[in-house]
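In our numbering, the protein residues as written are 3 to 419.
I have placed the structure first, in the form of C-alpha cells, so that the comments after it can refer back to it.
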Amino acid sequence: MSRHIFLIDGQSFYASVEKAAHPEYRDKPVAVGDPARLNGIVLAACPIAKSRGVTTAERVGEAMAKCPELIVIRPRMQTYIQMSLFITQIFESYTDLVEPYSVDEQFLDVTGSLTYFGSPYEMAKEIQHHVLLSTGIWSRVGIGPTKILAKMATDNYAKKMPEGVFELSFEKLESTLWKLPVHHMFMVASAMTRHFTRMGLACIGDIARMEFGEFKRRMRREMGKQSDIQAGYYWQTARGIDPSPVVSGIRHQLKSVSHGKALRWRLYRVLKDIEVVLLELVVEVCQRARRYNYMGSVVSVSAAETDGERSSWFSRQTTMPQPTSLTHEVAAAAHKLFIEHWNGLPLSNLCVSLSGLTDDSVIQLTLFDDRSLAYRKERVIDRIKDRYGSDAIIRASSLLEAGVARERAAQIGGHYK
Numbered sequence: 003m004s005r006h007i008f009l010i011d012g013q014s015f016y017a018s019v020e021k022a023a024h025p026e027y028r029d030k031p032v033a034v035g036d037p038a039r040l041n042g043i044v045l046a047a048c049p050i051a052k053s054r055g056v057t058t059a060e061r062v063g064e065a066m067a068k069c070p071e072l073i074v075i076r077p078r079m080q081t082y083i084q085m086s087l088f089i090t091q092i093f094e095s096y097t098d099l100v101e102p103y104s105v106d107e108q109f110l111d112v113t114g115s116l117t118y119f120g121s122p123y124e125m126a127k128e129i130q131h132h133v134l135l136s137t138g139i140w141s142r143v144g145i146g147p148t149k150i151l152a153k154m155a156t157d158n159y160a161k162k163m164p165e166g167v168f169e170l171s172f173e174k175l176e177s178t179l180w181k182l183p184v185h186h187m188f189m190v191a192s193a194m195t196r197h198f199t200r201m202g203l204a205c206i207g208d209i210a211r212m213e214f215g216e217f218k219r220r221m222r223r224e225m226g227k228q229s230d231i232q233a234g235y236y237w238q239t240a241r242g243i244d245p246s247p248v249v250s251g252i253r254h255q256l257k258s259v260s261h262g263k264a265l266r267w268r269l270y271r272v273l274k275d276i277e278v279v280l281l282e283l284v285v286e287v288c289q290r291a292r293r294y295n296y297m298g299s300v301v302s303v304s305a306a307e308t309d310g311e312r313s314s315w316f317s318r319q320t321t322m323p324q325p326t327s328l329t330h331e332v333a334a335a336a337h338k339l340f341i342e343h344w345n346g347l348p349l350s351n352l353c354v355s356l357s358g359l360t361d362d363s364v365i366q367l368t369l370f371d372d373r374s375l376a377y378r379k380e381r382v383i384d385r386i387k388d389r390y391g392s393d394a395i396i397r398a399s400s401l402l403e404a405g406v407a408r409e410r411a412a413q414i415g416g417h418y419k
C-alpha cells in the first residue's frame, strides 16, 4: 500500500523558541549561542539574522562582527526539549505513528489519517497552522511515499518555499530531485561529493538512472570492494527507495552506552587531571546503563590528543571478565586502556563506551567481592541523583579543579539547561 509520510522541521528551532518567548525581538536578528564566549559557536540563527550573513556553526564573535545589532541568547536546552515534546503531542493528535528524528525534526506516517483530514497537502497545512498557533514556531513539511523522500522534500524544497510544504512523489523524481547536484542527496557530504565528481556523477539522476551493477563497479574502482554496502545505500537513496517504517517513540534496542567530553587541551596535560574526567565519564556511563537495566562486557576508550602543533587520536576496547555496570570495575578497565595507549600529549577529547550489552537481572557472583551489595549501593545513589540532581552526590575527585561533573550537572548535551 502506498504510504504518505511527513518529515516536519521546525524552522531555526532554538532561535524560534527564543523569539516566541521574547515578542520584543520579533523583527530583530536573533542567534542562540553563549554571548560570554565569543569563540563559541552559533547554534541557531533566525531568518532575519541569516539574511544579514549570520550562519549556523560560525563563531559568535564573527557573527556579531557581521551583524552588530545581533541579539545573542544563551541556549536553554531543557526548554527546547520540552517544546519538542509538546510538538510531538500535537502530532500525536493527528496520527499515532510519530517518530522523532532530532529535537526539531519528526517523521509522521499519516496514511491512516487522511480519511479524516483530506489530502496530504491539506493535512500538512492544518498541522503547520496548529503548531504555529500553539508555539509560535513555523514548520516546514516534506511529504513523500518513503521516509527518505520526505526528508529530501523538506531539505531541498519545503525549506525554500514560502508556504513551507512540498510533496515529492516517485512520479516527480525525474523532473525534480534528479536534476539537483549530487551534494543535495541525503547523507552526501563534501568527501562523498568529491568521490561522485571523480566518477562523473554530477547530479542525483546520474546515479538513479544507472544500473545498480554498473554503479557498484564504479564505486569499487573509486573506493574499493568495501564500498558495496555504500553503493546499495546511495543507489536506493537516489531512487527514493526506503522500506523502513515510521516507528512511534524514540526508544530502540540499545547497542552501546557512551559518554564523551570535549576538553580544553591546555588544562589537561597531566595524567592526574585526565584521570578525574575519565572517572566522571565512567560514572555517567554506568549510571545510564543501570537506568536501562543493562550491563556490558566490552569497554572502549577514545581520545584525541594535541599540543597545538602535533595531533593524534586513538580508540581501543577490551573485554572484561564478566558483564558489569559497576563503576569500579568499568573504571579499572578504562584506566588500563587509556594508560596503555595514551601518547602523553594534552587531551582535547575523551570518550568512554560500554557495549556487548545484556540484561542485568542476573548478576555473576564472585568469590572475593560482594557484587550484589555493590549493585544495591550504586542503585541507591542513582535514585538520589534522579531525584535531587546529578550533583547531589559526587566523588571527591570531582571537587578538584580538573573535575567537570558539577559543570555538566547544569547542562544537557554540553549546553546549559
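Backbone N, C-alpha and C define an ideal beta-carbon position, used for all residues, glycine too.
On a predicted model such as this, the values are computed, not experimentally measured, just so you know.
Closest residue to residue i among the options (Cα-Cα distance)
i, options, result
"arginine 39", "Pro70, Ala51, Glu64, Arg28", "Glu64"
"arginine 78", "Ser53, Val112, Phe15, Thr57", "Phe15"
"alanine 233", "Ser246, Lys218, Gly298, Ile89", "Lys218"
"glycine 310", "Glu282, Trp267, Thr326, Asn345", "Trp267"
"glycine 42", "Ala33, Pro49, Thr368, Cys48", "Ala33"
"threonine 199", "Val184, Trp344, Ala51", "Val184"
"glutamate 107", "Ser299, Leu9, Glu20", "Leu9"
"serine 136", "Ala152, Thr156, Val19", "Val19"
"alanine 210", "Glu176, Thr117, Met322", "Glu176"
"threonine 97", "Ala126, Gln238, Ser229, Asp371", "Ala126"
"valine 272", "Asp230, Glu403, Gly144, Pro245", "Glu403"
Inter-residue Cα distance where the pair is residue i and residue j
i, j, result
"glutamate 380", "threonine 329", "8 Å"
"valine 354", "valine 278", "13 Å"
"histidine 197", "glutamate 224", "7 Å"
"alanine 333", "arginine 312", "28 Å"
"isoleucine 83", "valine 105", "7 Å"
"glycine 166", "glycine 114", "23 Å"
"isoleucine 75", "tyrosine 270", "29 Å"
"isoleucine 395", "glycine 358", "28 Å"
"phenylalanine 168", "arginine 28", "26 Å"
"serine 302", "glycine 226", "28 Å"
"phenylalanine 316", "lysine 257", "21 Å"
"leucine 347", "glycine 202", "42 Å"
"serine 141", "aspartate 11", "5 Å"
"glycine 242", "tryptophan 180", "10 Å"
"serine 314", "leucine 265", "15 Å"
"glycine 35", "aspartate 111", "34 Å"
"methionine 163", "alanine 376", "58 Å"
"proline 325", "aspartate 275", "28 Å"
"leucine 170", "methionine 212", "21 Å"
"isoleucine 73", "glycine 120", "41 Å"
"serine 350", "glutamine 80", "26 Å"
"serine 399", "lysine 161", "48 Å"
"threonine 156", "valine 143", "6 Å"
"lysine 68", "alanine 191", "27 Å"
"lysine 2", "threonine 320", "Within the shown structure, residues of the chain are numbered from 3 to 419, placing residue 2 beyond reach of any answer."
"isoleucine 206", "methionine 154", "12 Å"
Residue i in three-state terms, based on DSSP
i, result
"methionine 212", "coil"
"aspartate 388", "helix"
"leucine 375", "helix"
"glutamate 307", "strand"
"glutamate 331", "helix"
"threonine 321", "strand"
"glutamate 101", "strand"
"serine 487", "With the chain represented from 3 up to 419, any question about residue 487 goes unanswered, as that position is not in the structure."
"threonine 360", "strand"
"histidine 421", "The chain is shown from 3 up to 419; residue 421 falls before or after that span and cannot be answered."
"tyrosine 235", "helix"
"methionine 163", "coil"
"methionine 66", "helix"
"aspartate 111", "strand"
"glycine 298", "strand"
"serine 136", "helix"
"proline 348", "coil"
"phenylalanine 217", "helix"
"phenylalanine 370", "coil"
"threonine 199", "helix"
"isoleucine 243", "coil"
Segment limits, beta strand (DSSP E) that includes residue i
i, result
"isoleucine 150", "Here isoleucine 150 belongs to no beta strand (DSSP E); instead the alpha helix (DSSP H) covers 149–158."
"valine 74", "73–75"
"serine 229", "That residue, serine 229, is in no beta strand (DSSP E); it is neither H nor E in DSSP."
"glycine 146", "141–146"
beta-carbon residue i near the ligand MN non-hydrogen atom, thresh 8 Å
i, result
"glycine 144", "By its list of ligands, the structure shown contains no ligand whatsoever, and the ligand MN lies outside what it can speak to."
Residue i - containing alpha helix (DSSP H), residue span
i, result
"glutamine 91", "79–94"
"valine 285", "273–293"
"valine 190", "Segment: none, valine 190 is in no alpha helix (DSSP H) and carries neither H nor E."
"arginine 421", "Within the shown structure, residues of the chain are numbered from 3 to 419, placing residue 421 beyond reach of any answer."
"leucine 116", "116–119"
Within-9 Å CB hit, residue i to chain E
i, result
"methionine 212", "No chain E appears in the structure shown, which is made up of a single protein chain."
Please list the segments of the beta strand (DSSP E) lying wholly inside the segment 4–51, counting only runs of 3 or more residues, in order along the chain.
-> Those beta strand (DSSP E) runs which fall completely within the segment 4–51 and span 3+ residues are 7–12, 32–34.
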